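First up is the structure itself, then whatever we jot down about it.
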Amino acid sequence: MTVLERAAYLRGLFEGLGMDAETNEGKLFQGMLSCMEEMAQGITDLQEQNKCLLDELDDIYEEMSAITEDFLDKDSGFSSDNEEEPLYQVICPNCGELIYLDNEMLEAGSISCSACGEELEFDLTELQGESEGE
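Quick note: the sequence shown, position 110, residue 128 per the working numbering, numbers continuous.
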């Protein structure tokens, strides 16, 4: 039984009892029933809105999954043809955007964040020293 149905049931009980709505008790019950009916309608409206939002969120999730699969697909042109060349993830310290880099981008020494334009610089001298020492 929905909350609207329960409120309607209580309204029917009140009217079936034949209580005088002009007495203090009748006025109290009448006011409480009116309040419950308004709250029940508000709850029902919120449940419907929530269902619509969840449906939209599911649609967005599916679209994002498809975009992610396309982005990470090896045939999409976003990844390198060389299976051994790794991609690196960098988070922009200015805006928090996740950026994917390959070795060529790292060797350039810096890139601009695609989201905020912040110049990100990379110093690989320590890493190059470690790899030469191995």
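Ideal placement from N, C-alpha and C gives every residue a C-beta, glycine not left out.
On a predicted model such as this, the values are computed, not experimentally measured, just so you know.
Cα-Cα separation between residue i and residue j, rounded to whole angstroms
{"i": "D88", "j": "C131", "result": "21 Å"}
{"i": "I109", "j": "V21", "result": "48 Å"}
{"i": "K238", "j": "D120", "result": "What the structure shows of the chain is the stretch from 19 to 152, and residue 238 is not part of that stretch, so it cannot be assessed."}
{"i": "L90", "j": "M82", "result": "12 Å"}
{"i": "E129", "j": "L105", "result": "The question names Glu, yet the displayed sequence has Ile at residue 129. Each residue's Cα considered, the two are about 15 Å apart."}
{"i": "I78", "j": "L124", "result": "33 Å"}
{"i": "D73", "j": "A84", "result": "17 Å"}
{"i": "E122", "j": "L75", "result": "37 Å"}
Own chain residues within Cβ distance below 8 Å of residue i, not counting five before or after
{"i": "Q65", "result": "none"}
Cβ-based neighbour list, residue i, same chain, cut-off 6 Å, excluding 5 preceding and 5 following
{"i": "R29", "result": "L51"}
Residue nearest to residue i in terms of C-alpha spacing, selected from the options
{"i": "R24", "options": "I61, G127, M82 and S83", "result": "I61"}
Inter-residue CB distance, residue i and residue j (contact presumed, cutoff 8 Å)
{"i": "M57", "j": "F47", "result": "That pair is no contact at about 15 Å."}
Exercise. Is there contact between the segment 105-115 and the segment 123-139, where contact requires at least three CB pairs shorter than 8 Å?
Worked result: Under the three-pair Cβ rule at 8 Å, the segment 105-115 counts as touching the segment 123-139.
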